[in-house]
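There are 2 protein chains.
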Amino acid sequence: MTDQHCSNCPMGRSCLPADLDPAELPALDTVPTRRLRLKKGETAYRVGDPALAIYAVRLGTLKSHVVTEDGRSQIVGFHLQGEILGLDSVFAPTHPSSATALEDTQLCVLPVSALQAVLPRLPTLRRHLVLALAQEAQHDRAMMTTIGLMTAEERLVAFLLQHSERLAARGFAPNEFVLRMSREEIGSYLGLKLETISRLFSRLAEAGQIEVHHRHIRLLRPDVLRRIYRRSRSVPATVRTAHHCAAGTEPATAVLESLTAL
Amino acid sequence: MTDQHCSNCPMGRSCLPADLDPAELPALDTVPTRRLRLKKGETAYRVGDPALAIYAVRLGTLKSHVVTEDGRSQIVGFHLQGEILGLDSVFAPTHPSSATALEDTQLCVLPVSALQAVLPRLPTLRRHLVLALAQEAQHDRAMMTTIGLMTAEERLVAFLLQHSERLAARGFAPNEFVLRMSREEIGSYLGLKLETISRLFSRLAEAGQIEVHHRHIRLLRPDVLRRIYRRSRSVPATVRTAHHCAAGTEPATAVLESLTAL
DNA sequence: CGGGAAGTTGAATATCATCAACGGTAGTGG
DNA sequence: CCACTACCGTTGATGATATTCAACTTCCCG
Numbered sequence: 001m002t003d004q005h006c007s008n009c010p011m012g013r014s015c016l017p018a019d020l021d022p023a024e025l026p027a028l029d030t031v032p033t034r035r036l037r038l039k040k041g042e043t044a045y046r047v048g049d050p051a052l053a054i055y056a057v058r059l060g061t062l063k064s065h066v067v068t069e070d071g072r073s074q075i076v077g078f079h080l081q082g083e084i085l086g087l088d089s090v091f092a093p094t095h096p097s098s099a100t101a102l103e104d105t106q107l108c109v110l111p112v113s114a115l116q117a118v119l120p121r122l123p124t125l126r127r128h129l130v131l132a133l134a135q136e137a138q139h140d141r142a143m144m145t146t147i148g149l150m151t152a153e154e155r156l157v158a159f160l161l162q163h164s165e166r167l168a169a170r171g172f173a174p175n176e177f178v179l180r181m182s183r184e185e186i187g188s189y190l191g192l193k194l195e196t197i198s199r200l201f202s203r204l205a206e207a208g209q210i211e212v213h214h215r216h217i218r219l220l221r222p223d224v225l226r227r228i229y230r231r232s233r234s235v236p237a238t239v240r241t242a243h244h245c246a247a248g249t250e251p252a253t254a255v256l257e258s259l260t261a262l
Numbered sequence: 001m002t003d004q005h006c007s008n009c010p011m012g013r014s015c016l017p018a019d020l021d022p023a024e025l026p027a028l029d030t031v032p033t034r035r036l037r038l039k040k041g042e043t044a045y046r047v048g049d050p051a052l053a054i055y056a057v058r059l060g061t062l063k064s065h066v067v068t069e070d071g072r073s074q075i076v077g078f079h080l081q082g083e084i085l086g087l088d089s090v091f092a093p094t095h096p097s098s099a100t101a102l103e104d105t106q107l108c109v110l111p112v113s114a115l116q117a118v119l120p121r122l123p124t125l126r127r128h129l130v131l132a133l134a135q136e137a138q139h140d141r142a143m144m145t146t147i148g149l150m151t152a153e154e155r156l157v158a159f160l161l162q163h164s165e166r167l168a169a170r171g172f173a174p175n176e177f178v179l180r181m182s183r184e185e186i187g188s189y190l191g192l193k194l195e196t197i198s199r200l201f202s203r204l205a206e207a208g209q210i211e212v213h214h215r216h217i218r219l220l221r222p223d224v225l226r227r228i229y230r231r232s233r234s235v236p237a238t239v240r241t242a243h244h245c246a247a248g249t250e251p252a253t254a255v256l257e258s259l260t261a262l
């Protein structure tokens, strides 16, 4: 829980500053970025906690999840290195979901009060956050149709491809990776049971489309997988990932601009 | 398609101005609100259309829906009188869904260009729109867990209660109403087939919890229904409806404020 | 090295989808 | 205004997909 600054952060540009105008770095450093270290299974916040900060994932992976009154639970999102956490509280006074580390994880805490003070001087940071918000909204919409419209196999394929793309955007190999989450967690995310996920992995492997060793996945026929995915998905991706959207490019959209305009 | 103004609109305060500071009405009237009349089945916009305007439902009901490449389709939202339409394009240059009238419908067109010009002088309108956006994001998140976590019966109960609440917020009877959508459309919205909806209506009626005559629904045991709903839902409602949130009340949230602040 | 969690696989089951037939309603045009 | 028709809705029988229950294996973590 040490106080540090983004410009001397060893993660360098893989995190928040990735999108920023270098000229704004000094201003970014005026935000006191408290570090939060979580061991596997620990939470950054829980449902109902007052939403006082948002978080940047410095290292590690987390899940956002909700629980019903009678104990059913669902994972509503996974958060990888460099992503923003806690934005689902933008429109609410308290966090609508809990955030739990899937492995040992380090977060940078961005207190809302500090953001409020500094965002006017950091247009590219604001842009980055708004983009992240856009992605989250789009993700929820996409998941809604993924769960509502797709078969179990299609859902798992969609999950693998999305995961692959997110890793690729961070510079990792797209066709070979180690999952940070259990079968149960994947199932919870996709509205399926862990046994179903296990069977589907076996089935896809037997069909020669993937290779599975525990949590180590290799996509052998990404083209075939992508065809399955494309047939069944509804909303073509429109919002670019933050990493693809360099500072100063086209405005998110006119509607958004008019809402956030002075 | 006549040009008119909000202050002499016969809908009066049931529509956009409901939340507004009366002092801002004259400024609101500088927005040219073109009228759009749709017959049942006609669309206000389709997937991929450039997002040039948002819409207020003056009269009638619409559905937002998406389609997959291989023809499956899902309804992602219904829009009642007084609600805002087209906000799902906030973060995208084109509409990610189509909007189709379920009955003869009248919309007020709010061109983005006009909004951009007038929003700085209409803080309560901007607030209204941002709240509408918040509700939509919350709705998508809730639907995601509704479809992922709930049984068919729970989903239908959730739908009926939500519908009831939305009608009540508009001053209609909460426990007796006429659905504007078919069984198939309800099913599409809930990730179920029309036969399943039909059977569930019959089953709930036989259990004495509702009364069904075609599309006329009466909730006989709203308390029982609400218990089913509460047990199975994950995210407690936090964002108030626009109608409940009078102008000048507490800020939406600190996070939001910091993002939209100058 | 031991114990517990995670994963796999099989068999039985449940839930919802599909296929099919039929009745009713509302909307259309004569 | 009535009759016709197309769509909507209901219900039953059958079937597919994913769940549940259960036994067993493997892998980590301590």
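If you're matching them up, the sequences are chains A and B in order.
Just so you know, this note's numbering puts the end of the first sequence at 262, numbered straight through with nothing missing.
Just so you know, this note's numbering puts the end of the second sequence at 262, numbered straight through with nothing missing.
Glycine included, every Cβ here is placed at the ideal spot set by N, Cα and C.
Neighbouring residues, chain A, relative to residue i (Cβ below 7 angstroms)
i	result
Met143 (chain B)	Met144
Candidates the options, of which the one nearest residue i by Cα
i	options	result
Gly41 (chain A)	A:Ala53, A:Ser64, A:Asp21, A:Pro32	A:Ser64
Gly191 (chain B)	A:Val178, A:Ser198, A:Arg166, A:Thr146	A:Thr146
His216 (chain A)	A:Ala173, A:Arg233, A:Arg227, A:Tyr229	A:Ala173
Asn175 (chain B)	B:Arg221, B:Ala99, B:Val76	B:Arg221
Glu154 (chain B)	B:Leu200, B:Gly77, B:Glu185	B:Leu200
Val90 (chain B)	B:Val157, B:Arg231, B:Ala134, B:Leu62	B:Ala134
Phe78 (chain B)	B:Thr196, B:Arg230, B:Asp88	B:Asp88
Ala158 (chain B)	B:Ser202, B:Thr94, B:Val224, B:Ser97	B:Val224
Glu136 (chain B)	B:Val76, B:Gln106, B:Leu122, B:Ala92	B:Val76
Gln209 (chain B)	B:Arg170, B:Gly171, B:Leu156	B:Leu156
Arg170 (chain B)	B:Ala44, B:Arg58, B:Tyr45	B:Arg58
Gly60 (chain A)	A:Glu24, A:Leu38, A:Gly148, A:Met144	A:Leu38
Ala27 (chain A)	A:Thr94, A:Leu107, A:Arg121	A:Arg121
Arg233 (chain A)	A:Glu211, A:Ser198, A:Glu195, A:Met143	A:Met143
Arg230 (chain A)	B:Ala92, B:Val67, B:His214, B:Leu131	B:Val67
Leu80 (chain A)	A:Thr196, A:Arg203, A:Ala168, A:Gln74	A:Ala168
Leu107 (chain B)	B:Cys15, B:Arg35, B:His139	B:Arg35
Pro93 (chain B)	B:Val130, B:Val47, B:Leu131	B:Val47
Amino acids of chain B, ordered along the chain, whose beta-carbon sits closer than 9 angstroms to that of residue i
i	result
Ser232 (chain A)	Thr68, Glu69, Asp70, Arg72
Asp29 (chain A)	The contacting residues do not exist; Asp29 (chain A) stays about 18 angstroms from chain B at best.
Asp21 (chain A)	Ordered by position in chain B, no residue passes the 9 angstroms Cβ test against Asp21 (chain A), which lies about 18 angstroms from the chain.
Asp104 (chain A)	Result: empty, since nearest Cβ-Cβ is about 27 angstroms, beyond 9 angstroms.
Interface partners of residue i on chain A, CB under 9 angstroms
i	result
Leu225 (chain B)	Going along chain A, no residue has its Cβ under 9 angstroms from Leu225 (chain B), so there is no contact; the nearest lies around 15 angstroms.
Contacts that residue i makes with chain A (C-beta to C-beta distance below 8 angstroms)
i	result
Ile147 (chain B)	Met144, Ile147, Gly148, Gly191
Pro76 (chain B)	Here residue 76 (chain B) is Val; the residue named in the question, Pro, does not match the sequence. Going along chain A in sequence order, the residues near Val76 (chain B) (Cβ under 8 angstroms) are Arg141, Met144, Thr145.
Status (buried if at least 16 other CB within 10 Å, exposed otherwise) for residue i
i	result
Arg218 (chain B)	exposed
Arg141 (chain A)	buried
Val178 (chain A)	exposed
Leu227 (chain A)	Residue identity differs from the one stated: residue 227 (chain A) is Arg in this sequence, not Leu. With fewer than 16 Cβ atoms within 10 Å of its Cβ, Arg227 (chain A) is classed as exposed.
Ala207 (chain B)	exposed
Thr33 (chain A)	buried
Thr151 (chain A)	exposed
Glu185 (chain A)	buried
Ser182 (chain A)	exposed
Pro96 (chain B)	buried
Ser98 (chain A)	buried
Glu69 (chain B)	exposed
Cys6 (chain B)	buried
Gly148 (chain B)	buried
Gly248 (chain B)	The predicted model places Gly248 (chain B) with a pLDDT of 40, which falls under 50 and marks its position as unreliable; any figure quoted below should be read in that light. It is exposed - the Cβ of Gly248 (chain B) has fewer than 16 other Cβ atoms within 10 Å.
Ala23 (chain A)	exposed
Gly71 (chain A)	exposed
Which complete beta strand (DSSP E) runs does the region 41-99 of chain A hold, if anything under 3 residues is left out? 43-45, 53-59, 62-67, 73-79
Validate contact between the region 110-125 of chain A and the region 154-168 of chain A using beta carbons, cut 8 angstroms, 3 pairs: no
If you pair each beta-carbon of the region 113-126 of chain A with each one of the region 173-191 of chain A, do three or more pairs fall below 8 angstroms? no
Measuring CB atoms only, is the region 44-57 of chain A touching the region 69-86 of chain A, in the sense that at least three cross pairs come out at less than 8 angstroms? yes
I'd like to know if the region 96-107 of chain B and the region 124-132 of chain B are in contact, where contact means that at least 3 CB-CB pairs between them fall below 8 angstroms. no
Complete runs of the beta strand (DSSP E) confined to the region 175-239 of chain B [at least 3 residues]: 176-178, 210-213, 216-219
Ignoring anything shorter than 4 residues or poking outside the region 122-176 of chain A, list the alpha helix (DSSP H) runs there in chain order. 123-149, 152-169
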